[in-house]
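Engineer: The structure's right below; bear with me while I get my questions together.
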Amino acid sequence: MTEEKTDTPTMVPMTDTELLAARVRLPQHVVHRSFVSETVVLNLRTGKYHGLNPTAGKMLEALESADTVAAAVPALASGYGLEQQRIRDDLLALTRGLLGRGLIVTADGGTG
Amino acid sequence: MAALAERSPDGAEAEHRRTGFGLALSIDPRISIAGLGDADDLTAGERRSRVRLDDGELEDRWQTLSGTPLRARELRSDGVLLLSVDFDEHAGYLMWALDHGRVLISPDGLELLCEPDPVNEDWASILAAQALPLAATVRGLEVMHASGVVLDGRALLFAGPPGAGKSSLAAALVSDGAQLLSDDAVALQLRQRGLLAHAGSVVLQLRSTEQQRLPEDRRARLGSPLRSFTGKHRYMGPSVPAAAPLAALFLLERSSEQPVLERLPAVNPFELIGSTFNLSVRTPARLQRQLDVASAIASGELAHRLRVQPGVDATQLARVVREHQTRSPAS
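Going down the list, the sequences are from chains A and B. Position one of the first sequence corresponds to residue 3 (our numbering), numbered consecutively onward. Position one of the second sequence corresponds to residue 981 (our numbering), numbered consecutively onward.
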């Protein structure tokens, strides 16, 4: 079976509440490496690279290890000395961006 | 000149065992590739890539493909096609080079089937210049588009755009006692602790202006002169260095300033990825390795910027590099 080579999978919209409660992970065909200037995310199926600034790179790492998107918020807020609401908004926007490009999936395999 | 050749039981001359770009090679004795290492450098039991002449098989294999091959790469100059690489997942990479012929590289890199251009006696130069680096990439090494030398047991690589002075700088260092790894492509092997640089072909090509800048006594250290090729002077290095740990990658850049050398702690990862060779190999394993090698260079703080004025004397640059290396602790 031929694998679909796309970075823009069909999205099923999720509300903020649903997304905050979801667990996300990187699919096997996506790898990332952190550099001082940015984090490079590579989709091995398509060969497409994506760059994340250092803040977004930290958020991706936090998302990978957290049980839910919401669970990643307190440590990030504490680390950056910012209000949780602001971090939550940024994290939701980033999560949607990554889901939309197929760079992360929700734990049930969905793309958000 | 006296010659000693190994023979197979049927009396034919046995295949030549060589190393290059981190590969163990077994080469048809009718094919001469200058500047490769001796077989003694090998890791015991390593599988060899076989380089052999085609007897009609190449065309048969390529004409019976089940699908249309992918044009993976084209290199043109003034609109003239100089080199192309087509890929088929079962047959491999078919490389064609103007006035050189074709080479079919198997998908696992273990076989290079050569169909030479019959009128070009230098046809085999395409093997060291393009086909072996591609085979090395397929076999798990990452080849940098860079010149390189071994200095005090450490490998130094020089990458940059065409005409940036990669070969001239390598030549200046070699004329001052370093050993040449390659003047155009160096294979890197990712290890648990850092990167190991393997020699390619130790044939150095120099433009006349650069050659003439080197005093006679230093020019003699470049090795044996070979016949000039595409207007460049060629020298075969006196020896092929053993693989050495990568100590620094210098990214050359044109500048109006005096030579400036600085470490790049925040190197742009895409500049490192863009300095690799054989971008036509796009398998998932290769893409990940390419990123891992860039990551190893960055995290090891091996990347440096070397800003160079156009026309600067390469011996002056070599002195800057040497002084920098003297101050840098061995890792």
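Ideal Cβ placement from N, Cα and C applies to all residues, glycine included.
Listing by chain order, which chain B residues have their CB less than 7 Å from the CB of Ser-1 (chain A)?
Structural biologist: The question about residue 1 (chain A) has no answer here: the residues shown for chain A are numbered 3 through 114.
Engineer: Which residue marks the beginning of the alpha helix (DSSP H) containing Arg-34 (chain A), and which one marks its end?
Structural biologist: Walking along the first sequence from the start, residue 34 (chain A) turns up at place 32. Strictly speaking, residue 34 (chain A) in this sequence is His, with Arg absent from that position. No alpha helix (DSSP H) contains His-34 (chain A), which is instead part of the beta strand (DSSP E) from 32-36.
Engineer: Name the residues in the segment 1259-1278 of chain B whose C-beta lies less than 8 Å from a C-beta of chain A; which are they?
Structural biologist: Hits within the stretch, in order: Arg-1262, Pro-1264, Leu-1267, Gln-1268, Leu-1271, Asp-1272, Ala-1274, Ser-1275 and Ala-1278.
Engineer: For the segment 1281-1291 of chain B against the segment 1237-1247 of chain B, do three or more pairs of beta-carbon atoms, one drawn from each stretch, fall closer than 8 Å, so that the two count as touching?
Structural biologist: Contact holds: three or more Cβ-Cβ distances are below 8 Å.
Engineer: Under a CB-based cut-off of 8 Å, is Glu-66 (chain A) close to chain B?
Structural biologist: Counted from its first residue, the first sequence places residue 66 (chain A) at position 64. So no, Glu-66 (chain A) is outside the interface.
Engineer: Around the C-beta of Ala-1135 (chain B), are 16 or more other C-beta atoms found within 10 angstroms, so that it is buried, or is it exposed?
Structural biologist: What you label residue 1135 (chain B) is simply residue 155 of the second sequence in a count that begins at 1. The residue is buried, with at least 16 neighbouring Cβ atoms inside 10 Å.
Engineer: Is Glu-6 (chain A) buried or exposed, if buried means 16 or more other CB atoms sit within 10 Å of its CB?
Structural biologist: Numbered from its first residue, the first sequence carries residue 6 (chain A) at position 4. Bear in mind that the predicted position of Glu-6 (chain A) carries a pLDDT of just 40, short of 50, making it unreliable; the figure below should be weighed with that in mind. Exposed, since its Cβ has fewer than 16 Cβ neighbours within 10 Å.
Engineer: Can you tell me whether Val-1130 (chain B) is helix, strand or coil according to DSSP?
Structural biologist: Here residue 1130 (chain B) is taken as the residue at index 150 of the second sequence, counted from 1. Reduced to three states, the DSSP call for Val-1130 (chain B) is strand.
Engineer: Mapping DSSP to helix, strand and coil, what is Val-1106 (chain B)?
Structural biologist: Looking up residue 1106 (chain B) in the second sequence gives position 126. The residue you asked about is not Val; residue 1106 (chain B) is Ile in the sequence shown. Reduced to three states, the DSSP call for Ile-1106 (chain B) is helix.
Engineer: Return the chain-ordered list of same chain residues with a C-beta closer than 6 Å to the C-beta of Ala-1144 (chain B), the five sequence neighbours on each side being excluded.
Structural biologist: To locate residue 1144 (chain B), count along the second sequence from 1; it is residue 164. Closer than 6 Å at Cβ, skipping near neighbours: Leu-1232.
Engineer: Are the C-beta atoms of Ala-956 (chain B) and some chain A residue less than 8 Å apart?
Structural biologist: Residue 956 (chain B) lies beyond the stretch modelled for chain B, which goes from 981 to 1311, so this question has no answer here.
Engineer: Beta-carbon within less than 6 Å of Ala-1223 (chain B)'s beta-carbon, same chain only, minus the 5 sequence neighbours each way: which residues are those?
Structural biologist: Along the second sequence, one-based indexing puts residue 1223 (chain B) at 243. So the list reads Leu-1176 and His-1178, once near-sequence residues are dropped.
Engineer: Would you mind telling me which residues of chain B sit closer than 9 Å to His-52 (chain A), beta carbon to beta carbon, in chain order?
Structural biologist: In the first sequence, counting from the first residue as 1, residue 52 (chain A) sits at position 50. Within 9 Å Cβ-Cβ: nothing; His-52 (chain A) doesn't reach chain B, min ~11 Å.
Engineer: Comparing alpha-carbon positions, which option in B:Gly-1047, B:Arg-1032 and B:Ala-1116 lies nearest Arg-1010 (chain B)?
Structural biologist: For the purposes of this step, residue 1010 (chain B) is taken as the residue at position 30 of the second sequence. It is B:Arg-1032.
Engineer: Please classify Arg-1056 (chain B): is it buried, with 16 or more other beta-carbons within 10 angstroms of its beta-carbon, or exposed?
Structural biologist: Position 76 of the second sequence holds residue 1056 (chain B). That one is exposed.
Engineer: Should Pro-1141 (chain B) be flagged as near chain A, meaning a C-beta pair shorter than 8 Å?
Structural biologist: For the purposes of this step, residue 1141 (chain B) is identified with residue 161 of the second sequence, where counting begins at 1. Closer than 8 Å: no.
Engineer: Verify whether the separation of the beta carbon atoms of Leu-100 (chain A) and Leu-21 (chain A) is less than 8 Å.
Structural biologist: Within the first sequence, residue 100 (chain A) is the residue found at index 98, counting from 1. Within the first sequence, residue 21 (chain A) is the residue found at index 19, counting from 1. Cβ distance not < 8 Å, so Leu-100 (chain A) and Leu-21 (chain A) don't count as in contact.
Engineer: Assuming Arg-1187 (chain B) contacts Ser-1155 (chain B) (C-beta within less than 8 Å), just tell me the rounded distance between them.
Structural biologist: The residue given as residue 1187 (chain B) occupies position 207 in the second sequence. The residue given as residue 1155 (chain B) occupies position 175 in the second sequence. Their Cβ separation, rounded to whole angstroms, is 15 Å, which puts Arg-1187 (chain B) and Ser-1155 (chain B) out of contact at 8 Å.
Engineer: Check the Cβ of Arg-35 (chain A) against every Cβ in chain B and list those closer than 8 Å, keeping chain order.
Structural biologist: Reading the first sequence from its first residue, position 33 is the one you call residue 35 (chain A). Those are Pro-1249, Leu-1271, Asp-1272, Ala-1274 and Ser-1275, listed as they occur along chain B.
Engineer: What residues of chain B sit near Leu-46 (chain A), judged by a beta carbon separation below 8 Å?
Structural biologist: As a first step, residue 46 (chain A) is located in the first sequence; it is residue number 44 there, counting from the start. Ordered by position in chain B, the residues that pass the 8 Å Cβ test against Leu-46 (chain A) are Pro-1264, Leu-1267 and Gln-1268.
Engineer: Should Gln-1296 (chain B) be flagged as near chain A, meaning a C-beta pair shorter than 8 Å?
Structural biologist: On the second sequence, residue 1296 (chain B) is found 316 positions in, with the first residue counted as 1. Output row for Gln-1296 (chain B): interface = no.
Engineer: Taking 8 Å as the CB-CB cut-off, is Glu-63 (chain A) touching chain B?
Structural biologist: Walking along the first sequence from the start, residue 63 (chain A) turns up at place 61. False, the Cβ-Cβ gap to chain B never drops below 8 Å.
Engineer: Can you list, in chain order, the residues of its chain with a C-beta nearer than 7 Å to that of Arg-1082 (chain B)? Leave out the 5 residues immediately preceding and following it.
Structural biologist: Numbered from 1 along the second sequence, position 102 holds the residue referred to as residue 1082 (chain B). Within the same chain, Arg-1082 (chain B) has close Cβ partners Leu-1038, Leu-1074, Met-1075, Trp-1076 and Glu-1095.
Engineer: Assign Thr-19 (chain A) to one of two classes, buried (16 or more other C-beta atoms within 10 Å of its C-beta) or exposed (fewer than that).
Structural biologist: Counted from its first residue, the first sequence places residue 19 (chain A) at position 17. So Thr-19 (chain A) counts as exposed.
Engineer: Measuring only the C-alpha atoms, how far is Gly-1174 (chain B) from Pro-1225 (chain B)?
Structural biologist: Against the second sequence, residue 1174 (chain B) aligns to sequence position 194. Against the second sequence, residue 1225 (chain B) aligns to sequence position 245. One C-alpha to the other measures close to 7 Å.
Engineer: Assign Ser-1148 (chain B) to one of three DSSP states: helix, strand, or coil.
Structural biologist: What you label residue 1148 (chain B) is simply residue 168 of the second sequence in a count that begins at 1. It is helical.
Engineer: Can you have a look at Glu-1196 (chain B) and say buried or exposed, based on whether 16 or more other CB atoms are within 10 angstroms of its CB?
Structural biologist: Here residue 1196 (chain B) corresponds to residue number 216 of the second sequence, with the count starting at 1. Per the 10 Å Cβ criterion, exposed.
Engineer: Glu-66 (chain A) lies in the alpha helix (DSSP H); which residues open and close that run?
Structural biologist: The sequence position of residue 66 (chain A) within the first sequence is 64, counting from 1. Taken as a continuous stretch (DSSP letters only), the alpha helix (DSSP H) holding Glu-66 (chain A) covers 56-67.
Engineer: On the three-state DSSP scale, how would you describe Phe-1138 (chain B)?
Structural biologist: Taking the second sequence and counting its residues from 1, the one referred to as residue 1138 (chain B) is at position 158. Note: Phe-1138 (chain B) maps to strand in three-state DSSP.
Engineer: By the 10 Å Cβ neighbour count, where 16 or more other Cβ atoms means buried, how is Pro-1142 (chain B) classified, buried or exposed?
Structural biologist: Start at 1 with the first residue of the second sequence, and residue 1142 (chain B) comes out as number 162. With fewer than 16 other Cβ atoms within 10 Å, it is exposed.
Engineer: Have a look at B:Leu-1062, B:Asp-1079 and B:Leu-1093 and flag the residue whose alpha-carbon is nearest the alpha-carbon of Gly-1072 (chain B).
Structural biologist: Taking the first residue of the second sequence as position 1, residue 1072 (chain B) is located at position 92. Closest by alpha carbon: B:Leu-1093.
Engineer: In this structure, how does DSSP classify His-1304 (chain B) when only helix, strand and coil are distinguished?
Structural biologist: Along the second sequence, read from residue 1 onward, the residue named residue 1304 (chain B) stands at position 324. DSSP places His-1304 (chain B) in helix when its eight states are reduced to three.
Engineer: How would you call Asn-55 (chain A), buried or exposed, if buried means at least 16 neighbouring beta carbons within 10 angstroms?
Structural biologist: Stepping through the first sequence from its first residue, residue 55 (chain A) is reached at position 53. The residue is exposed, with fewer than 16 neighbouring Cβ atoms inside 10 Å.
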